[in-house]
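Residue numbering for the sequence shown follows numbering that gives the first Met the number 0, starting at 0 and increasing by one per position. The structure under discussion appears below in the form of structure tokens.
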Amino acid sequence: MSPANVRRWSWIHTWSSLACTAFMLLLCLTGLPLIWRHEIGHLLGNDIEAPPLAAAQASAPPPSLDRVIAAGRARYPHKVMMYMSQEPDDPALWFLTMGEHATDPDFKSIAIDARTARFVGEPPIEGGGVMQFIFHLHVDLFAGVWGKLFLGAMGMLLLAAIVSGAVLYAPFMRKLDFGTVRRGRTARLKWLDLHNLLGIVTLVWGLVVGATGVVNTLADVLLQVWQATEIAAMTTPYAGQPAPAAFAPVEATVRNAERAAPGMRVGFVAFPGTPFASPHHYGVYMHGDAPLTARLYTPVLVDARTAAVTDRRDLPWYLTTLLLSQPLHFGDYGGAGMKVVWTLLDVATTVVLGSGLYLWLRRGRAAARPARVPAQAAPALARDGEAD
């Protein structure tokens, strides 16, 4: 590249990095425990686990979903059902979400044994505990959707810094072998080489995690667009009709949804009036069994009065992208091995960010320092400056 192009890319790299470094360091530090959040939750005793069953109980047919819901209502008789869900890898539990009304933000979450319809426990309240504190700090800075959008903007700057750093890598390292870290000279030169090496090693990972992070910050916006377009279109025939006074049994509702989506399993059920359904429908969200398809949902709308399936559609591309980005961002696809790789790359990226900030600060101090250098040291410093 010409010297002018190098200066342009260097300016982009410097200022995009400086603008986002503090927030990216925060995200790297909070992201480390979130990679292992399931394992940490288990160690802290925050996970609800189904109790072991006697042989006779294990072989008995499972109770109906209406019995499972009745067990939750027995605990909170004055609350209404909002959602019920199962984890893909734990069919022994149903998690019921109940509130004073269908959009109650102060809901209760209850775990019911799917094999016996007995109460098991209540998961920790959302927003409580150190892991929830770290999660909200990482996701939205405790500022809701505006915090997410701000972090999305920082993510875009990170992507600009990564791309510009990759462009600059070749001209700055053209006289050195790959992986060279020059020791025995200035500390700044050594950290410059480490910064360049770790930056190019983590390049692809940084692009993947940065891009998926930006997509994840748009989750609320994308869901609102989907509800205003796809869900609205699916419920248009019911516009202007009064909501039903009584709802169809959930067992029949789910069985009809399963027949409409053969080969798929129920991920969660949204009850009438919640944002993922409508006042006239249950929303039954189905997913596959494979590691990839287990993350993708197919919504099936079921008439809340008759339990008849009224519509079934695949998710639009932007929600598919979102659902694939969420687990990839935290390394949830490949088990413990992938999480170890994500952890090492997260630490390396933290060093890249920290070393970049150090190099900029040292450069500023060097520029402000009076030029009083012994004559015999001048050639070495000149060589360092050329390498920088």
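Idealized CB from N, CA, C, for every residue including glycine.
Y332 and R184 have their C-alpha atoms some 43 Å from each other.
Leaving aside the five residues that flank L193 on each side, the residues in its chain whose CB is nearer than 8 Å to its CB run, in chain order, V180, V350, S354. CA-CA distance, P50 to V200, rounds to 45 Å. Residue pairing by DSSP puts I109 in a beta bridge opposite L95. Spatial neighbours of G198 in its own chain (CB-CB distance under 6 Å, excluding positions within 5 residues in sequence) are listed in chain order as G164, V351. Along the region 209 to 294, the alpha helix (DSSP H) occurs as fully enclosed runs of 4 or more residues at 218 to 225, 249 to 259, listed in sequence order. If you check the CB distance, V268 and M285 do not come in under 8 Å. Here R294 is not near L314, since their CB atoms are 8 Å or more apart. Counting along the chain, no alpha helix (DSSP H) covers Y332, and no H or E run does either.
Of the other Cβ atoms in all chains shown, 16 or more fall within 10 Å of the Cβ of A303; this residue is therefore buried. DSSP, reduced to helix, strand and coil, places Y82 within a strand of the structure shown. By DSSP's assignment, V301 forms a beta bridge with Y281, V308. Of G330, L358, A335, Y357, the smallest CA-CA separation from D345 is found for G330.
G44 carries a coil assignment under DSSP once its states are collapsed to helix, strand and coil. Per DSSP, F118 is one residue of the beta strand (DSSP E) stretching across 118 to 120.
The shortest CA-to-CA distance from T115 to any of L92, K147, A21 is the one to L92.
Boundaries for M0: no alpha helix (DSSP H) harbours it, and the DSSP string shows neither H nor E there. Annotated three-state conformation of Y296 is strand, per DSSP.
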